[in-house]
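Q: Numbering (the numbering used here), first residue to last: 87 to 250.
I have a structure I would like to understand better, so I am pasting it below and will then ask my questions one at a time.
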Amino acid sequence: MNKYVLSVLVENKAGVLSRVSGLFSRRGYNIDSLTVCETSNPLESRMTIVVKGDEHILDQIHKQLSKLEDVKSIKKCDRPSSVQRELALFKVKATAENRSSLLSTCDIYKAHIVDVSLESLVIEITGSEEKIDSLQCILAPFGILEYVKTGLTALDRGSGVMQA
Numbered sequence: 087m088n089k090y091v092l093s094v095l096v097e098n099k100a101g102v103l104s105r106v107s108g109l110f111s112r113r114g115y116n117i118d119s120l121t122v123c124e125t126s127n128p129l130e131s132r133m134t135i136v137v138k139g140d141e142h143i144l145d146q147i148h149k150q151l152s153k154l155e156d157v158k159s160i161k162k163c164d165r166p167s168s169v170q171r172e173l174a175l176f177k178v179k180a181t182a183e184n185r186s187s188l189l190s191t192c193d194i195y196k197a198h199i200v201d202v203s204l205e206s207l208v209i210e211i212t213g214s215e216e217k218i219d220s221l222q223c224i225l226a227p228f229g230i231l232e233y234v235k236t237g238l239t240a241l242d243r244g245s246g247v248m249q250a
């Protein structure tokens, strides 16, 4: 199955997120990742939705989203023509013996230590899913206590603006 990233411009009002996510669940489509935020126009929000499937499923999702009156536009974000990023926070066991190794690892990945305690560090990283997954694998032997990821966000490259 292929992974698709959709950028959906919607009206910024109550119930829109519920209607969009309900559309997916009613048709048995899973949302792998969903991020939503208000745009520079306070009347609009942008949803970045990541789904897995084939071209037929993507076509069906596009058609169903287009039927919702709150949806203004839908754009598929392809990797070469868009910038795609994710944010993750990792809480990792930290001892006096392994702190320098953790700091070196953070430097290599351009990650930031955002919280320090006697027993742990919280590490923040922004980047591609592959970069974040790679750091997660490197941190695993240190002991990841908790982690959270934001989900993918994406914008098209260039000067074009997504229009309603």
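Cβ coordinates follow ideal geometry from the N, Cα and C atoms, glycine included.
What you are looking at is a predicted structure, and each value in this text was computed from that prediction instead of being measured.
#1: Taking its Cβ as the centre, do 16 or more other Cβ atoms sit within 10 Å of residue 132, making it buried, or is it exposed?
#2: To which residues of the same chain is residue 229 closer than 8 Å at the C-beta, ignoring the five residues directly before and after it?
#3: With a cut-off of 8 Å, do at least 3 Cβ pairs link the stretch 98-115 to the stretch 154-161?
#4: Exposed or buried, which one is residue 203 when buried takes at least 16 other CB atoms within 10 Å?
#5: Tell me the rounded alpha-carbon separation between residue 136 and residue 190.
#6: Taking the straight line between their C-alpha atoms, what separation do you get for residue 144 and residue 236?
#7: So, helix, strand or coil for residue 123, using DSSP?
#8: Hey, quick one: how far does the beta strand (DSSP E) through residue 232 stretch, first residue to last?
#9: Using only alpha-carbon positions, find the residue among 222, 159 and 167 that is nearest to residue 192.
#10: Please report how far the alpha carbon of residue 182 lies from the alpha carbon of residue 225, in whole angstroms.
#11: What is the DSSP secondary structure of residue 207, counted as helix, strand or coil?
#12: I'd like the span of the alpha helix (DSSP H) that includes residue 238, first residue to last.
#13: Could I get the ranges of all uninterrupted beta strand (DSSP E) runs contained in the stretch 103-168, with 3 residues as the minimum, in chain order?
A: In this structure, then:
#1: buried
#2: 178 and 179
#3: yes
#4: exposed
#5: 32 Å
#6: 23 Å
#7: strand
#8: 230-235
#9: 222
#10: 16 Å
#11: strand
#12: Per DSSP, residue 238 belongs to no alpha helix (DSSP H) and is neither H nor E.
#13: 117-124, 130-139 and 157-162
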